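See below for the structure under consideration.
In the working numbering, the protein residues as written are 50 to 450.
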């Protein structure tokens, strides 16, 4: 065996095998493979920048129907979703006490009338006696005053009758508008008390074919919104279907929650089929800027940074107008400003940075407003990791001798 390994032929083949094995190991663990990148072309196209928020669909006119008198619900004539006409009876309260009060007031009128008749007759008699100098001026003045008091008491009694008649009429609740009952908060036998605040018995939507969305937009987005702008929105009940509306009003009163300031934007919506119901959540999007035939670069190219010397993963940089989102809006920075960015292209197999000026974004592509890019240029959007590339933390195998 010793002679076998000491012969020149055996040593020759053993050396060849060692060289081959070393070459394979060197190529696998020490030769750097050419870095490969994912590329995407810069294109021309249309782009629009949107601001978005959530809102609630409400009727344009929602009337709260209450009662001005207290009592027990005696009859109920409508229910949820009932269509009503103006003046239609909705419910009646038990009017027994009100009717008794009216009778008492009528009796007071009769008593006041009798008192006035007596005071009038007495005043006439005293005046006649005064003319013949049988009574003093003071007695005449007293009689005149008594007549005036009786007249005032009669007017007061008549006013009480009118008040009781009105209260009796208020025991019958009628619809003030034509529409649909969207809420009912009373039942037969329930007692309602009209005190300092009128209790709400019904809510009537005047016209469900015309709705509005109340959406809260962040202060960073409100400057881009104008009355008359077109609006697109979706609802969970009809996923995949887009609805349209128009900005009607931007309310100036702000709402602040957890140091976030929002403004209520009212959006008009046509609802001819009445499939949009009150209370639905609407996901609103408003196009605040549009460009036609703009030069567009993918946002992934703006986020890309080459792997650093420590072989760490590429670090993502924020694209323009894609900063941290806030409640009710897309961005926290004004979107009308011009930003600058950097993309990478391949020149002779090596990365070369290209500085560009940026316009609006739709969160997928960004408008290129300046720089050396042109349509058709290939920009780097990511790296392709080789499947057989060793991990940076792995150690090479032991060398063979």
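The beta-carbon is built from N, C-alpha and C at its ideal position, and this holds for glycine as well.
Owing to the predicted nature of the structure, the values given are computational and were not obtained by experimental measurement.
Please list, in chain order, all residues of the same chain as residue i whose beta carbon is under 7 Å from its beta carbon, the five residues on each side excluded.
i           : result
residue 155 : 210
residue 117 : 219, 243 and 247
residue 251 : 114, 139, 230, 232 and 233
residue 433 : 85, 86 and 87
residue 217 : 144, 147, 148 and 151
residue 137 : 223 and 224
Check whether the Cβ atoms of residue i and residue j sit closer than 9 Å, and answer yes or no.
i           : j           : result
residue 140 : residue 235 : yes
residue 451 : residue 324 : A question about residue 451 goes unanswered here, because the residues of the chain that appear run from 50 up to 450.
residue 280 : residue 293 : yes
residue 312 : residue 268 : yes
residue 336 : residue 98  : yes
residue 199 : residue 240 : no
residue 106 : residue 328 : yes
residue 134 : residue 227 : yes
residue 412 : residue 345 : no
residue 347 : residue 428 : yes
residue 176 : residue 195 : no
residue 142 : residue 222 : yes
residue 108 : residue 257 : yes
Which value, in whole angstroms, describes the spacing of the CA atoms of residue i and residue j?
i           : j           : result
residue 100 : residue 123 : 52 Å
residue 111 : residue 246 : 18 Å
residue 185 : residue 197 : 19 Å
residue 317 : residue 261 : 5 Å
residue 356 : residue 389 : 22 Å
residue 179 : residue 202 : 26 Å
residue 416 : residue 291 : 26 Å
residue 430 : residue 102 : 30 Å
residue 334 : residue 284 : 12 Å
residue 479 : residue 426 : Given a span of 50 to 450 for the chain in the structure shown, any question on residue 479 remains unanswerable.
residue 213 : residue 238 : 23 Å
residue 90  : residue 266 : 35 Å
Here's the rule: buried if 16 or more other CB atoms are within 10 angstroms of the residue's CB, otherwise exposed. What is residue i?
i           : result
residue 104 : buried
residue 270 : buried
residue 68  : exposed
residue 151 : buried
residue 273 : buried
residue 478 : Residue 478 lies beyond the stretch modelled for the chain, which goes from 50 to 450, so this question has no answer here.
residue 126 : exposed
residue 163 : exposed
residue 339 : exposed
residue 276 : exposed
residue 424 : exposed
residue 65  : exposed
residue 342 : exposed
residue 305 : exposed
Which residue marks the beginning of the alpha helix (DSSP H) containing residue i, and which one marks its end?
i           : result
residue 179 : 145–180
residue 254 : Unbroken run through residue 254 is the beta strand (DSSP E), 249–254; no alpha helix (DSSP H).
residue 134 : From DSSP, residue 134 is part of no alpha helix (DSSP H); its letter is neither H nor E.
residue 413 : That residue, residue 413, is in no alpha helix (DSSP H); it is neither H nor E in DSSP.
Beta strand (DSSP E) containing residue i: first to last residue?
i           : result
residue 326 : No beta strand (DSSP E) contains residue 326, which DSSP labels as neither H nor E.
residue 102 : 92–108
residue 267 : 259–267
residue 302 : 292–306
Report all residues from its chain with a CB closer than 6 Å to the CB of residue i; omit the five preceding and five following residues, and keep chain order.
i           : result
residue 161 : 202, 203 and 206
Give every residue of the same chain whose Cβ lies closer than 8 Å to the Cβ of residue i, excluding the five residues on either side of it in the sequence, and list them in chain order.
i           : result
residue 392 : 346, 350, 351, 353, 402, 403, 405, 422, 428 and 429
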